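2 protein chains.
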Amino acid sequence: MGQGPILYSAIGHVENPFRDIAAPEEIRAEESRVVLDPALTDGLEGLEPGQRIMVIFHFDRSHGYELRQHPRGDRTQPRRGVFALRSPRRPNPIGVTVVDLVAIEGNVLRVRGLDALDGTPVLDIKPA
Amino acid sequence: MGQGPILYSAIGHVENPFRDIAAPEEIRAEESRVVLDPALTDGLEGLEPGQRIMVIFHFDRSHGYELRQHPRGDRTQPRRGVFALRSPRRPNPIGVTVVDLVAIEGNVLRVRGLDALDGTPVLDIKPA
Chain A
1 MGQGPILYSA IGHVENPFRD IAAPEEIRAE ESRVVLDPAL TDGLEGLEPG
51 QRIMVIFHFD RSHGYELRQH PRGDRTQPRR GVFALRSPRR PNPIGVTVVD
101 LVAIEGNVLR VRGLDALDGT PVLDIKPA
Chain B
1 MGQGPILYSA IGHVENPFRD IAAPEEIRAE ESRVVLDPAL TDGLEGLEPG
51 QRIMVIFHFD RSHGYELRQH PRGDRTQPRR GVFALRSPRR PNPIGVTVVD
101 LVAIEGNVLR VRGLDALDGT PVLDIKPA
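Here's what the structure looks like:
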């Protein structure tokens with residue numbers, strides 16, 4: 001372990017109306033588009049609208065972290081370990097959200113339930 | 001999107017008896033240890049034995065991929081898109097598995113249900 005960095009490249013990005021900080025609930029209620037690198041479109045074969053998929057993404061606007069954090073930054077709640085929270089402020093700022101696949105249009109997945117900001121790099125998609 | 005690599009570092013590694021290829025079912029049936037970097041131990045505060053946690057890891061023994069693959073390498077089954085499969089052979093070889101947290105012993109999590117080989121770098125842990 002720990003022998004140097006692990007390198008990934010975005011396979012696509014998120015598009016939705018949320019460019020800045022927004023409450024996760026607010027983003028999840030809206031439809032988002034996961035725009036895949038067109039060269040990877042064949043990798044979507046077999047995914048069907050109506051199914052649940054896991055979207056793995058990079059919290060690109062998250063910088064730094066503490067090992068113990070107030071849940072959702074709410075100082076009225078006691079701090080907890082970062083691995084017991086889904087905070088974006090974590091050692092490796094990876095987000096994983098299970099979403100509803102609404103439609104597939106070429107290299108674009110329309111999904112509901114994603115809580116990632118506009119422009120977020122996507123790392124992977126898996127069946128949930 | 002796509003502006004250069006995304007860099008992560010392992011937060012720990014997996015320990016179990018499976019050093020080489022093994023059927024995922026076989027690994028999942030055994031207990032594994034997730035050995036966290038001791039400097040990150042405070043990040044576990046609030047996790048409780050008996051709960052389900054998500055382990056995010058790097059398939060370090062996976063190299064290359066095809067966009068369409070036979071499920072589990074079984075050539076009797078038709079090829080499907082890599083994003084419709086959980087194959088380790090994917091553009092970013094990230095694995096995500098929900099496991100049972102059996103016990104926490106300092107910086108070590110004993111878990112059941114993990115399907116990662118011995119020595120696999122771990123990237124993140126989240127509540128499931």
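Protein chains in written order, with the numbering used here: chain A, 1 to 128; chain B, 1 to 128.
For glycine and all other residues, C-beta sits at the position ideal for the given N, C-alpha and C.
Bear in mind that the values here come from a model prediction, so they are computed numbers and not experimental data.
Original post:
Does the beta carbon of Ile53 of chain A fall short of 6 Å from some heavy atom of the ligand MG?
Top reply: In terms of ligand content, the structure shown is empty, and the ligand MG therefore cannot be addressed.
Subject >> C-alpha gap between Asn107 of chain A and Lys126 of chain A, whole angstroms >> reply: In the first sequence, counting from the first residue as 1, residue 107 of chain A sits at position 107. In the first sequence, counting from the first residue as 1, residue 126 of chain A sits at position 126. Taking the straight line from one Cα to the other gives about 15 Å.
Original post:
Short check: CB of Val111 of chain A to CB of Val99 of chain A, under 7 Å?
Top reply: Locating residue 111 of chain A in the first sequence gives position 111, where the first residue counts as 1. Locating residue 99 of chain A in the first sequence gives position 99, where the first residue counts as 1. Yes, these two residues count as a Cβ contact at 7 Å.
**OP:** List the endpoints of the continuous alpha helix (DSSP H) containing Ile27 of chain A.
**Re:** Here residue 27 of chain A is taken as the residue at index 27 of the first sequence, counted from 1. Element bounds for Ile27 of chain A: 24 to 29.
Subject >> Under 7 Å between C-beta atoms of Gly12 of chain B and Phe59 of chain B >> reply: In the second sequence, the residue the question calls residue 12 of chain B occupies position 12. In the second sequence, the residue the question calls residue 59 of chain B occupies position 59. No, the Cβ-Cβ distance between Gly12 of chain B and Phe59 of chain B is not below 7 Å.
**OP:** Taking the CB atoms as reference points, tell me whether Asn16 of chain B and Glu26 of chain B lie closer together than 7 Å.
**Re:** Taking the first residue of the second sequence as position 1, residue 16 of chain B is located at position 16. Taking the first residue of the second sequence as position 1, residue 26 of chain B is located at position 26. Contact: no.
Subject >> Distance between beta carbons of Asp115 of chain B and Pro24 of chain B, contact taken as under 8 Å >> reply: Taking the second sequence and counting its residues from 1, the one referred to as residue 24 of chain B is at position 24. Taking the second sequence and counting its residues from 1, the one referred to as residue 115 of chain B is at position 115. Indeed they touch by this definition, with Cβ atoms about 4 Å apart.
Subject >> Residues sharing a beta bridge with Gly119 of chain B, DSSP >> reply: Translated into positions along the second sequence, residue 119 of chain B becomes position 119. Bridge partners of Gly119 of chain B: none, in fact.
Original post:
Looking at Leu117 of chain B and Phe18 of chain B, is the spacing between their C-beta atoms short of 7 Å?
Top reply: Within the second sequence, residue 18 of chain B is the residue found at index 18, counting from 1. Within the second sequence, residue 117 of chain B is the residue found at index 117, counting from 1. It is a contact, given that the beta carbons lie within the stated cut-off.
Subject >> Members of the segment 50 to 80 of chain B that neighbour chain A once the beta carbon cut-off is set at 7 Å >> reply: Met54, Ile56, His58, Leu67, Arg68, Arg80
Original post:
Residues of chain D with a CB under 9 Å from the CB of Arg110 of chain B: which are they?
Top reply: Protein chains A and B are contained in the structure displayed, whereas chain D is not.
**OP:** Count the C-beta pairs between the segment 41 to 60 of chain B and the segment 31 to 38 of chain A that are closer than 8 Å, then say yes if the count reaches three, no if not.
**Re:** no
Original post:
Who are the neighbours of Glu45 of chain A on chain B, taking C-beta pairs under 7 Å?
Top reply: Here residue 45 of chain A refers to the residue found at position 45 of the first sequence. Those are Arg68, Arg80, Gly81, Ala84, listed as they occur along chain B.
**OP:** Pull up the CB-CB distance for Gln51 of chain A and Leu101 of chain A, whole angstroms please, since I reckon it's below 8 Å.
**Re:** Reading the first sequence from its first residue, position 51 is the one you call residue 51 of chain A. Reading the first sequence from its first residue, position 101 is the one you call residue 101 of chain A. With 8 Å as the limit, Gln51 of chain A and Leu101 of chain A qualify as a contact, their Cβ atoms being about 5 Å apart.
Original post:
Glu45 of chain B lies in the beta strand (DSSP E); which residues open and close that run?
Top reply: Residue mapping note: residue 45 of chain B aligns to position 45 of the second sequence, counting from 1. No beta strand (DSSP E) holds Glu45 of chain B; DSSP gives it neither H nor E.
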